[in-house]
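Below, the structure is given as C-alpha cells:
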C-alpha cells in the first residue's frame, strides 16, 4: 500500500511539475522568441511571425513533455488517465 501511495504521489508531482514547467518556459521564452523573429522577419509580416512563434513554442513544449514522461516512465509510473 505504501508503494502505491508513493507512486501516486510521484505521478501527481510529475504532472504538476510538467504543468508548471510549461507555464514558466512559455513565459521565459516569450520575449526571446519574439525578439528573434523580429530580427529575421520584416515588420509587415505579423501573421508569419505569429505562426513561426507558435510552431517554435509548440516544438519546445512537446520535447520537454516527452522527456519528463519518459523519465517518469522509467520509474514505473503511468501518467495516462
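Numbering (the numbering used here), first residue to last: 331 to 411. Beta carbons are placed, not taken as given, at the ideal position from N, Cα and C, and that holds for glycine.
A straight line joining the alpha-carbon of residue 369 with that of residue 350 spans about 29 Å. Per DSSP, residue 365 is one residue of the alpha helix (DSSP H) stretching across 332-370. The straight-line gap separating the alpha-carbon atoms of residue 347 and residue 362 is approximately 23 Å. DSSP, reduced to helix, strand and coil, places residue 406 outside both helices and strands of the structure shown, so it counts as coil.
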